[in-house]
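K.L.:
Let me begin by handing over the structure; questions about it come next.
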Amino acid sequence: MEFDFALISFAVIGFGLIMYVILDGFDLGVGILFPFASNEEVRDSMINSIAPVWDGNETWLIMGGAILFAGFPQAYAIVLPALYIPIMLMLFSLIFRGVAFEFRMKANESKFLWTAVFFAASFMAAFSQGLLLAGLITGINVENGEFAGGPFDWVSPFALIVGLAMVCGYGLLGATWLIRKTEGDLLAMSFRASKIFLVAILIFMAIVSIYTPKLVPEIEARWFSGENIFYLLPAPILGLVCSVRLWIDLSTKREDSPFFWAIGLFLTGYLGLGVSFWPYIVPFEVTIWDAASPASSQLFLLIPILFIMPLTLAYSWYSYRVFRGKVTDVSGYSAHK
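Here it is as structure tokens:
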């Protein structure tokens, strides 16, 4: 029996991206929600809700990047120079966000400064990820297996729309996370913010869904040629179901389920992107198998992943289980009931 190591490696990258978007998405969303908070004490409670778990969330991004570098070097060599600016913007935002997170917990007189940095870095990290996604959707200029475009090819009004959509999406994840983790006035604010961000993300998703087929003929052909639409229709239908259920649960003040419906909405969008791009790793230019390193290299890469990924999953599960429940006014890692 022969294993398709390239496909397995690609699946690992896809799973890692899903985990990153969900886990780091909600703690980025908490930072994006800072302007909604009435004072620093409320922001302290927001920080306390993510303090015990946020450190490990970016592990999935590192894992995905490492596998892309070692398992698909051609794709790495094409994507990195094409999207170098938004990638660096994202990385610097994540760095400054981490610094602001720790300094804000210790600062007194300069606390307002680190609050502003934490919000700005969270916003820019989410926005830059939207720029990356838009750059992939609209396509990368490739000739003879190499990047042949310019450093600003990704700049477009469409990129701005997708960037704002990502900010709203992460804001929705953050708000629904706070519904699970907080009480009192912060809980009420989280319900209001969740509805605002849900409406915003649905508007942005509609705009992106309308204009993407017009900008990318390959995606239009994938979705609207022949009987394809009937096979692909479940993705948007599931997204609509998640949206309706989320709105109902927000309206009825349910505290446990909105976060999971928000995750479901993200997953349906991820599914739609996956079926639009398949089987390309660099959309409509380089397939998974064309970009893959030799099978021996893939195997060498996957063996340690078989041990690292279960450990990472176990650590994440344990962290979220230990620190489950509502946050208290205690600062830091012990601020959970």
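Numbering (numbering that gives the first Met the number 0), first residue to last: 0 to 336. Here a beta-carbon is modelled for each residue, glycine too, at the ideal position from N, C-alpha and C. In this text the structure is predicted, and so the values were computed from the model without any measurement.
1) When you compare only the Cα positions, how much space is there between A158 and F151?
2) Quick check on F102: does DSSP put it in helix, strand or coil?
3) Pull up the distance between the alpha-carbon of M45 and that of L27, whole angstroms please.
4) Put V141 into one of helix, strand or coil per three-state DSSP.
5) In angstroms with no decimal places, state the Cα-to-Cα distance between Y332 and A50.
6) Applying the criterion that 16 or more other CB atoms from any shown protein chain within 10 Å of the CB defines a buried residue, is A220 buried or exposed?
7) Would you grab the beta carbon distance between A133 and W153 for me? Rounded to a whole angstrom, and I think it's under 8 Å.
8) Among residues of its own chain, excluding the 5 on either side of L131, which ones have a beta-carbon nearer than 6 Å to its beta-carbon?
9) Do F122 and I31 have their C-beta atoms closer together than 7 Å?
10) Work out the CA separation of M89 and M104 for me, nearest whole Å.
11) Counting beta carbon pairs with one atom in the region 180–190 and one in the region 159–170, are three or more of them shorter than 8 Å?
12) What's the C-alpha gap between A234 and I209?
13) Using the Cβ count rule (16 or more neighbours within 10 Å means buried), how would you classify K336?
14) Count the other CB atoms, across all protein chains shown, that sit within 10 Å of the CB of D43; report buried if there are 16 or more and exposed otherwise.
15) To the nearest angstrom, how far is the alpha carbon of F100 from that of F196?
16) So which of K194, P216 and A205 has the shortest CA-CA distance to K252?
P.N.:
Reading it off the structure:
1) A direct Cα-to-Cα measurement between A158 and F151 gives close to 11 Å.
2) Helix.
3) A direct Cα-Cα distance of roughly 11 Å separates M45 from L27.
4) V141: strand per DSSP, three-state reduction.
5) For Y332, the predicted model reports a pLDDT of 46, less than 50, meaning its position is unreliable; a value from the coordinates is still stated below. Spanning the two alpha carbons is a distance of roughly 6 Å.
6) Under this definition A220 is an exposed residue.
7) Between W153 and A133 the Cβ distance is about 7 Å, and since that is below 8 Å, they are a contact.
8) Residues of the same chain with a CB within less than 6 Å of the CB of L131, apart from the 5 flanking positions on each side, are L82 and P85 in chain order.
9) Yes, Cβ-Cβ distance for F122 and I31 is below 7 Å.
10) Between the C-alpha atoms of M104 and M89 there is a straight-line separation of about 23 Å.
11) Short answer: they don't touch.
12) So the alpha carbons of these two residues sit roughly 15 Å apart.
13) In this prediction, K336 has a pLDDT of 49, which is less than 50 and means its spatial position is unreliable; what the coordinates show is noted afterwards. With fewer than 16 Cβ atoms within 10 Å of its Cβ, K336 is classed as exposed.
14) The residue in question, D43, is buried, as its Cβ has 16 or more Cβ neighbours within 10 Å.
15) So the alpha carbons of these two residues sit roughly 23 Å apart.
16) Closest by alpha carbon: K194.
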